[in-house]
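FYI, the numbering for the sequence shown is 639 to 812, going by the numbering used here.
Accompanying notes for the structure given below.
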Amino acid sequence: MSQTASSPFAEVRLLGPVELGRRDGSAATVGSGLERTLLAALAVNAGLVVSTDVLIEALWESSPPATARHALQVHVSSLRHRLGVWPSPLEARPSGYLLKLDPGQLDTERFESLAATGRAELASNQAVRAADVLEAALAVWRGPALADVSRDPVTETEVARLEESRRTTEEDRL
């Protein structure tokens, strides 16, 4: 999210319930279940265009309403408002939508970076330092990944990958 100083949001959190992290460290929940699912689908694919059809499938599975394209636009508009950043990091593209996040604005990136650093410390026989860094990596988690959103094939694959990385990190910490 290319932020302005007035933007209250600093990050997107997926490692637990889907939230927007504020600059002050607190969290804001994201509207309806559909809006959280939309944010999750876009954040898992940050920097990539997610097609309108994929987003409709993520939001309504096999039973989209007849007005699904319009309803998606309404949810995108609401999410843009919640992000509170202009220009918005959530951009419309001819085939779908793109969420632009700066490095470090996704909690999954922070977890993965800390976990990799911890593993490097282990490989360097720095067990005490490795344990501290791996503990910090695990502290990023607030519950199961994408805990409060419905799963589609894209997010399900990402949840499985993240949960496996969490399990491995827990084992490495021991």
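Don't be surprised by glycine CBs; every beta carbon is placed ideally from N, CA and C.
Predicted model, so just to flag it, every value in this text is computed and none were measured.
Residue range of the beta strand (DSSP E) that includes residue 671: Per DSSP, residue 671 belongs to no beta strand (DSSP E); it is in the alpha helix (DSSP H), 671-682.
Where residue 777 falls, given that 16 or more other Cβ within 10 Å makes a residue buried: Looking at its Cβ environment, which holds fewer than 16 other Cβ atoms inside 10 Å, residue 777 is exposed.
Within 8 Å, strictly: CB atoms of residue 783 and residue 652: Yes, the pair counts as a contact, with Cβ atoms nearer than the cut-off.
Runs of alpha helix (DSSP H) lying entirely within the stretch 738-810, each at least 4 residues, in chain order: Entirely contained in the stretch 738-810, the alpha helix (DSSP H) runs reaching 4 residues are, in chain order, 745-761, 765-777.
The beta strand (DSSP E) enclosing residue 690, as first and last residue numbers: That residue, residue 690, is in no beta strand (DSSP E); its alpha helix (DSSP H) goes 690-698.
Residue 809 to residue 747 span [Cα, whole Å]: A direct Cα-Cα distance of roughly 20 Å separates residue 809 from residue 747.
Three-state class that DSSP yields for residue 602 in the structure shown: The chain is shown from 639 up to 812; residue 602 falls before or after that span and cannot be answered.
The stretch 675-690 contacting the stretch 787-803, beta-carbon criterion three pairs below 8 Å: At 8 Å Cβ cutoff, the stretches touch.
Nearest-angstrom Cα separation, counted from residue 744 out to residue 661: One C-alpha to the other measures close to 13 Å.
Beta-carbon spacing of residue 728, residue 686 below 8 Å: The criterion of a C-beta distance shorter than 8 Å is not satisfied by residue 728 and residue 686.
Limits of the alpha helix (DSSP H) - the one that residue 720 falls within: Per DSSP, residue 720 belongs to the alpha helix (DSSP H) from 706-721.
According to DSSP, residues forming a beta bridge with residue 658: Residue 658 is bridged by DSSP to 650, 666.
Neighbour-count burial assignment, residue 752, 16 or more Cβ in a 10 Å radius: Its Cβ being crowded by 16 or more others within 10 Å, residue 752 is buried.
For residue 728, the first and last residue of its enclosing beta strand (DSSP E): In the DSSP annotation of this structure, the continuous segment of the beta strand (DSSP E) that includes residue 728 starts and ends at 728-731.
Nearest to residue 797 (by Cα), restricted to the options 701, 806, 682, 709: When the alpha-carbon of residue 797 is set against those of 701, 806, 682, 709, the nearest one is in 682.
Anticipated Cβ contact below 8 Å, residue 769 with residue 811, distance rounded: About 6 Å separates the Cβ atoms of residue 769 and residue 811, confirming a contact at the 8 Å cut-off.
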